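Chemist: One gets the working numbering by counting positions in the sequence shown from 1 and adding 1078 to each.
Virtual Cβ for every residue (Gly too), placed ideally from N, Cα, C.
Quantities reported herein were computed from a predicted structural model and do not represent experimental measurements.
Sharing a structure below in structure tokens format, with a few things to ask.
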Amino acid sequence: MKLFIDTGSVAEVEEIARWGVLAGATTNPSLLAKEDGSPEEIIRRIADLVDGPTSAEVVSEDADGMVAEGVALRGLHEHIVVKVPFSAAGLEATSRLRELGHPVNMTLVFSAPQAILAAEAGATYISSFLGRLDDIGVDSTETTREIVEAVAANSTGAQVLAASIRNPIHVTVSAALGADVATVPGKILRQMLKHPLTESGIAQFTSDWQSRPEFATWLH
Ligand code: E4P
């Protein structure tokens, strides 16, 4: 499973891209609205930093507007994937953008029937939301399993992108279920670094090594 970063923060992408684990990024209007500066410039900089698919979302609610915004977003950077919210108009826009050769990430998908429609409309990525399902008491694991199975059986080549990731368990569950990508906020990526045995192990190695002062010149 590939990892994308889910953010509107250039500084966060600068920090985490250095780890060498990011294959792409996703943004959304809410994430970009929290940042200073022009959304176009932020999207360009994130796309440069991750050097991979970078989703940028349309905000129109009609198909013509979505297509026009999608084409404009694609002009910002070669890595842009047009993010289109799920709706009848979104399906029409996805199908039209696909015909024009533009990749689409269909977002706000919460069920296997929605995912089947998104795949048939030609979405490259189908954003299957976990956290927002948990928020309303729906089992996100079961829904993600159904979406992964439905999209695989559909054989359009669409990829399931696990989104609305709220904790590291969402990431491991998505990987175990066969999601193609998980888009993960920086805060959760940092949580994924941590294990108390890793931290205590490093401290022990360091202190054992420093107990031998003659090793101070090792490899120098
Ligand atoms: C990503 O593409 C989605 O917009 C994002 O994961 C939504 O996350 P949230 O439900 O935590 O806002």
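Between which two residues does the alpha helix (DSSP H) containing residue 1099 stretch?
Modeler: First-last for residue 1099: undefined, no H or E at that position.
Chemist: Measure how close the beta-carbons of residue 1135 and residue 1105 come, nearest whole angstrom, since I'm counting them as under 8 Å.
Modeler: With a Cβ gap of about 7 Å, residue 1135 and residue 1105 count as contacting.
Chemist: Answer with yes or no whether the minimum CB distance from residue 1182 to chain C is below 9 Å.
Modeler: No chain C appears in this structure, which consists of one protein chain only.
Chemist: Do the segment 1195–1205 and the segment 1171–1185 touch if we need at least three Cβ pairs shorter than 8 Å?
Modeler: Yes, since at least three Cβ pairs between the segment 1195–1205 and the segment 1171–1185 fall closer than 8 Å, the two stretches touch.
Chemist: Quick check: is any heavy atom of the ligand E4P less than 8 Å from the C-beta of residue 1232?
Modeler: No.
Chemist: Got a sec? Which residues, its chain only, sit under 8 Å from residue 1194 by beta carbon, not counting five neighbours each side?
Modeler: These residues qualify, in order along the chain: 1228, 1229 and 1232.
Chemist: Look up residue 1163 in the DSSP assignment and say whether it is helix, strand or coil.
Modeler: Strand at residue 1163.
Chemist: Quick check: what's the CA-CA separation for residue 1216 versus residue 1242?
Modeler: Residue 1216 and residue 1242: Cα-Cα distance of roughly 14 Å.
Chemist: Where does residue 1132 fall in DSSP's three states?
Modeler: In this structure, residue 1132 counts as strand in the three-state DSSP scheme.
Chemist: Going by CA-CA distance only, name the one from 1123, 1209 and 1258 that's closest to residue 1155.
Modeler: Nearest of 1123, 1209 and 1258 to residue 1155, Cα basis: 1123.
Chemist: Less than 8 Å between C-beta atoms, sequence neighbours within five positions excluded: which residues of the same chain meet that for residue 1186?
Modeler: Excluding sequence neighbours, residue 1186 sits near 1163, 1164, 1205 and 1207.
Chemist: Please go through the same chain and pick out, in chain order, the residues whose beta-carbon is closer than 8 Å to the beta-carbon of residue 1143, but skip the five residues on each side of it.
Modeler: The answer, listed in chain order, is 1136.
Chemist: Do residue 1128 and residue 1082 count as a contact pair if the criterion is CB distance below 9 Å?
Modeler: It is a contact, given that the beta carbons lie within the stated cut-off.
Chemist: For residue 1229, which three-state DSSP category applies?
Modeler: Helix at residue 1229.
Chemist: Going along the chain, which residues of its own chain have a beta-carbon closer than 8 Å to the beta-carbon of residue 1148, five neighbours each way excluded?
Modeler: Counting only Cβ-Cβ distances below 8 Å, and skipping sequence neighbours, we find 1136, 1160, 1162, 1171, 1175, 1180 and 1182.
Chemist: Could you tell me how far apart the beta carbons of residue 1286 and residue 1079 are, in whole angstroms, since I believe they sit closer than 8 Å?
Modeler: Contact doesn't hold; Cβ gap of about 36 Å is too wide.
Chemist: Closest to residue 1263 by C-alpha separation, out of 1224, 1218, 1254 and 1246, would be which residue?
Modeler: Residue 1263 has its Cα closest to that of 1246, out of 1224, 1218, 1254 and 1246.
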